[in-house]
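For reference, the structure discussed in these notes is given below.
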Amino acid sequence: MSIKTTTLGFSYPHGDAFHFDSLALQAGERLLVTGPSGSGKSTFLHILSGFLPPNTGEVEITGTNIYSLNERKRDGFRGKHIGIVFQQHHFVRALSALDNVILSWQAVGAKPDYERAKELMNRMGLGQKLASKTYDLSQGEQQRLSIIRAIVQRPALLLADEPTSALDDTNANEVAKQLIELAADFNSALVVVTHDQRLKDVFPNTLNLLNAKTQRS
Amino acid sequence: MRWLKLSWANIVTSPLGSSLAVLLMAFGVGIVSLLFQLNSQLEKQFTQNIRSVDMVIGAKGSPLQLILSGIYHIDAPTGNIPLSEVRELENNSLIKEIIPLSMGDNYNGYRIIGTTPAYVDHFNGEIGSGELFSETLEATIGALVADRSGLKIGDTFVGTHGLQQEGGHVHDGVKYTVVGILKPSGSVLDQLILTPLESVWAVHASHDHGHDHDDDHNHAHTDRHDHGDDHEHSHAHGDHHDHDHHAHGDHEHDHSHDHDHEDCDHDHHHHADVSEEDLEVTVGLVKFAGQMARFQLPRHINQNTNMQAALPAIEVNRLLSLLGIGISTLQWLAIVIMLLSAISVFVSLYNSLRERRYEMALLRSMGAPRMRLFSLIISEGVMLAFIGFVAGWLLSRGAMLAVASLAEESYRYTLSVWEWHTQDTLLLGVSLLIGMIAALVPAKQAYATNIHTVLGGKQA
Chain A
278 MSIKTTTLGF SYPHGDAFHF DSLALQAGER LLVTGPSGSG KSTFLHILSG FLPPNTGEVE
338 ITGTNIYSLN ERKRDGFRGK HIGIVFQQHH FVRALSALDN VILSWQAVGA KPDYERAKEL
398 MNRMGLGQKL ASKTYDLSQG EQQRLSIIRA IVQRPALLLA DEPTSALDDT NANEVAKQLI
458 ELAADFNSAL VVVTHDQRLK DVFPNTLNLL NAKTQRS
Chain B
157 MRWLKLSWAN IVTSPLGSSL AVLLMAFGVG IVSLLFQLNS QLEKQFTQNI RSVDMVIGAK
217 GSPLQLILSG IYHIDAPTGN IPLSEVRELE NNSLIKEIIP LSMGDNYNGY RIIGTTPAYV
277 DHFNGEIGSG ELFSETLEAT IGALVADRSG LKIGDTFVGT HGLQQEGGHV HDGVKYTVVG
337 ILKPSGSVLD QLILTPLESV WAVHASHDHG HDHDDDHNHA HTDRHDHGDD HEHSHAHGDH
397 HDHDHHAHGD HEHDHSHDHD HEDCDHDHHH HADVSEEDLE VTVGLVKFAG QMARFQLPRH
457 INQNTNMQAA LPAIEVNRLL SLLGIGISTL QWLAIVIMLL SAISVFVSLY NSLRERRYEM
517 ALLRSMGAPR MRLFSLIISE GVMLAFIGFV AGWLLSRGAM LAVASLAEES YRYTLSVWEW
577 HTQDTLLLGV SLLIGMIAAL VPAKQAYATN IHTVLGGKQA
C-alpha cells in the first residue's frame, strides 16, 4: 500500500477542528480531494505531507507510520518518499532550473541522478531551460518544473495542491494529464487536493471534505 | 554536498545586500592588518638598528632628531661637533668605544657617511665583493644602494650636498670610487655609502676653494634644510664666531648665508687647508664600558660640553609610545568598523532570510533537516566574512605597498609587503568568528522554520 490513513482528527488551538475519513491508495492509483475553501484541504494536505502531526489517527506511507518518526527522520523520509507540488511555485532563486531539480536529492543527502533529471526536463519541454533562473521561466514552465522536482525521486506518494485552479481549461487538462501520466510511469500514488471541479472527470475516486469541519471557532 | 555552493550562490545572487557587509569587513580587516604590519616593521627597523649603541653624541638640539639622524639616517642632523672633543671623550674610562660619523652629502638620495671600519663591524657587516674603504674618496656601498643605483666596483660618482636627492649643490670635480659592496645585512648599512672620514673633509675643503658666490642662494637653501636648526642660523647674524656647530666644516656656506648683508670681514674662514683642530664630525655612536656610564655620562656631556648626549633606548621608546597613541586610536577605529561589519552581516542575512522564508520551508519540505538550514546560514555569514577578510588583506597590502615605496623614496628604507604574519592568522580567525556570530540569530530563525505556517497553512 503506497498510502493508508486511519480516520484523522486535528484541531487548531483557537478552535477550528477537522475530521478526515480514512483512505488507502495502491501504487499507480489516484484520488481527488475536493472541498470549498476553508473546508480543511490544506490541513489535510499538510497532515499527509508530514508537516502537521494529527491529534488522532495515523498516516502510513509504504508501510511506515510517518508520525512515529522523529522530526529529523520524518524530514528525510518525506524527502525520499513524498513529492509535493505546491500551489505557489517556490524555488531557490540563486539556483538554475536544473539545480533546483537536483536539490531534491541533495536536500536528503542522496547522490543526484543528473541523467534522469535532464531526461525528465526534456520530456516536459524544459530541455532548453536547464541553466535558466527559475524567475525567468513562464508560469506554465514554473509549474512543470515543480512537478518534475516533486516526481524525480520516484516518490511513493505524489501530492499536488491546487495544480490547475489558476489555469484555463486547455492548460488545466494538459497539466492533469501530465500529473496522471507521470504518476503512473513512476509508480506513485497521486493525491490532488483542489476545489477545481473540472478535474472530477479524470479522477475515478473523489474524497469530498464538505463535512470535514466538525467545529467552528 | 553542494551546500557551500548554495551558500555562495545565495551571496552572489544578492550582491547589493552582501556588498556593504563585505566592504565594512574589508575596511576593518584592512586597517587592523595594516597596523599590525606597520607596527612590527617599525619595531623591527627601530630595534634592529640600535644594536649596542648606548648613547649618541652630537650638536645640541632635539635628542630625538639626533637619534633619528645618527642611528636611523632619517632626519637631518642637528649640526656638527669638533672631532677634538670626541677624541677627548674617548679617553673617559666609562666609554668603551666611539664610532664617529660624518654626514651631509648624498648620492641619488643615498647618504654618504664618513666613518671608520668600526661602523661596519658594529653591524656585523660583511664585504660581499671588493674591499672595505681605506683611502680618502674610496667608498664601500650597501647592498641596496648597489642594487638600486647600479653602481659597480670601479665606478666613480659625485656626491650632492644635502641629504635629500633633489636640489643640492653637486660637488663637481671630487669623485668617489666604489671599492666594495657589502652583503645585505637587514640593517641601515644596506642603504648607506661608507667612506673614510677624510673623504668628507676633503670634499668640503676642496669645495671651499672653488667656491663661487653665485651659488650662495642655493647653499643657504640646502643648509637650512639639512640642519633643521634654523634657530641658530637666524641668531648667528651678530655672532661671527658661533660656527662650531655648523655642519661639515663648510664654513663658507654658513657664512654666505648668515652674513649676506654684512661686510665680509671673516677672511680667516676662507682658507681651506683644514687643520686638525677644525675637523668636525656629525655624530658619535658611543658604547659604554659599564652600567655606571648610563647615569653619569649623559648629564656630564650635556652640562659641561657644547655637545649633546642622547640615549637611543629612551628616545625610541618615547617615539614608539607617541606613535602608539595614534596606533591605538586607529585600532579602536578598526574595532568599531569590524563591529559595524558584524552588524551589517547580520542585517544582510536577516533581510535576505526574510525574502527566503519560502525557500527555507521548501528546503525542509524536500527533506533538509533543520540543522542543515542552520548551517547553511552560518556558512553564508562565514563566507561573507571570509570574502571581506581577503578583500581587507589585499587592501592592507596595497596600502603597505604605498607606504613602502614612500619609505624607500624618502628614507631609502625597504619594508617587506607581502609577508603573512601570525597576526593575520589571528585576524582571519576573528573575522570568521564575527561572521559566524552575526549569522547566529538568522540561522536560528532558519532553524525554526515552520513549514506548515509558511507554506499556505491558513492558521498561524
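Residue numbers (the working numbering), protein chains in the order written: chain A, 278 to 494; chain B, 157 to 616.
Ideal Cβ placement from N, Cα and C applies to all residues, glycine included.
Exposed or buried, residue i, counting other C-beta atoms within 10 Å across all chains shown (16 or more means buried)?
| i | result |
| --- | --- |
| E348 of chain A | exposed |
| Y391 of chain A | exposed |
| F451 of chain B | exposed |
| R510 of chain B | exposed |
| M527 of chain B | exposed |
| Q197 of chain B | buried |
| F480 of chain A | buried |
| S345 of chain A | exposed |
| V492 of chain B | exposed |
| H391 of chain B | Per-residue confidence for H391 of chain B stands at a pLDDT of 43, beneath the threshold of 50, marking its modelled position as unreliable; no derived number is given. |
| W549 of chain B | buried |
| N473 of chain B | exposed |
| A604 of chain B | exposed |
| D414 of chain B | Confidence at D414 of chain B is low in this model, with a pLDDT of 42, below 50, so its placement is unreliable and no value can be given for it. |
| E294 of chain B | buried |
| H411 of chain B | Low per-residue confidence applies at H411 of chain B: pLDDT is 43, beneath 50, and the placement is therefore not dependable, though the value from the model is reported in the following sentence. So H411 of chain B ends up on the buried side. |
| L172 of chain B | exposed |
Can you tell which of the options has the C-alpha that lies nearest to the C-alpha of residue i?
| i | options | result |
| --- | --- | --- |
| L160 of chain B | B:A604, B:S531, B:I593, B:L348 | B:S531 |
| G265 of chain B | B:I297, B:A449, B:N195, B:S566 | B:S566 |
| S288 of chain A | A:S326, A:Q383, A:P330 | A:P330 |
| M371 of chain A | B:S249, B:S508, B:L194 | A small correction: the amino acid at residue 371 of chain A is Ala; Met does not occupy that position in the sequence shown. Looking at the Cα atoms, B:S508 is the closest of the given residues. |
| F279 of chain B | B:Q347, B:T578, B:M516, B:S587 | B:Q347 |
| R493 of chain A | A:T282, A:H291, A:G386 | A:H291 |
| L288 of chain B | B:L435, B:P273, B:I223 | B:P273 |
| Q201 of chain B | B:N236, B:L345, B:V188, B:R267 | B:L345 |
| L307 of chain B | B:G537, B:L583, B:V334, B:R207 | B:V334 |
| Q579 of chain B | B:L245, B:L190, B:K252 | B:L190 |
| K339 of chain B | B:Y332, B:K331, B:I349 | B:I349 |
| V356 of chain B | B:L467, B:V242, B:N236, B:E471 | B:N236 |
| I324 of chain A | A:F368, A:V470, A:A449 | A:V470 |
| E436 of chain B | B:A165, B:I230, B:Q193, B:L239 | B:L239 |
| T627 of chain B | B:F192, B:N247, B:L176, B:A165 | With chain B covering only 157 through 616, there is no way to say anything about residue 627 of chain B. |
| T351 of chain B | B:L441, B:T292, B:K331, B:E253 | B:T292 |
Please check the pair residue i and residue j, which I expect to be a contact at CB under 8 Å, by giving their CB distance rounded to whole angstroms.
| i | j | result |
| --- | --- | --- |
| E439 of chain A | D473 of chain A | 7 Å |
| I280 of chain A | I338 of chain A | 5 Å |
| D298 of chain A | T311 of chain A | With 8 Å as the limit, D298 of chain A and T311 of chain A do not qualify as a contact, their Cβ atoms being about 13 Å apart. |
| G305 of chain A | A461 of chain A | 6 Å |
| I533 of chain B | A599 of chain B | 4 Å |
| G260 of chain B | H325 of chain B | So it is not a contact: roughly 11 Å between Cβ atoms. |
| I187 of chain B | A541 of chain B | That pair is no contact at about 16 Å. |
| T491 of chain A | H296 of chain A | 5 Å |
| A453 of chain A | L476 of chain A | 6 Å |
| G336 of chain B | I283 of chain B | 5 Å |
| L476 of chain B | M211 of chain B | With a Cβ gap of about 19 Å, L476 of chain B and M211 of chain B do not count as contacting. |
| Y514 of chain B | H367 of chain A | 4 Å |
| L434 of chain A | S465 of chain A | 6 Å |
| F321 of chain A | L486 of chain A | 7 Å |
| M494 of chain B | G184 of chain B | 3 Å |
In terms of DSSP beta bridges, what is residue i paired with?
| i | result |
| --- | --- |
| P352 of chain B | B:T271 |
| I280 of chain A | A:L302, A:I338 |
| R475 of chain A | Its beta-bridge partners do not exist; DSSP assigns none. |
| S288 of chain A | A:A294 |
| R307 of chain A | A:L467 |
| T312 of chain B | B:T333 |
| I361 of chain A | A:L436 |
| I297 of chain B | B:I337, B:I349 |
| Q492 of chain A | A:A294 |
| H317 of chain B | B:D261 |
| I283 of chain B | B:L338 |
| S373 of chain A | A:K410 |
| N399 of chain A | The partner list for N399 of chain A (beta bridge, DSSP) is empty, contrary to what the question assumes. |
| T483 of chain A | A:L309 |
Just to confirm the assignment: which complete alpha helix (DSSP H) runs, minimum length 4, are found wholly within the region 401–461 of chain A? The qualifying runs are 416–428.
For a minimum of 3 consecutive residues, which ranges assigned as the beta strand (DSSP E) are wholly contained in the region 247–279 of chain B? You should have 251–263, 266–271.
Length at least 3, wholly inside the region 183–254 of chain B: the beta strand (DSSP E) runs in chain order: Listed in chain order, they are 211–215.
Go through the region 446–508 of chain B residue by residue and report every complete run of the alpha helix (DSSP H) that reaches 4 residues or more, in order. The region 446–508 of chain B is shown to contain whole alpha helix (DSSP H) runs of 4 or more residues at 448–460, in chain order.
What are the uninterrupted segments assigned as alpha helix (DSSP H) that are 4 or more residues long and contained completely in the region 516–604 of chain B, given in chain order? Complete alpha helix (DSSP H) runs here, min 4: 526–567, 578–603.
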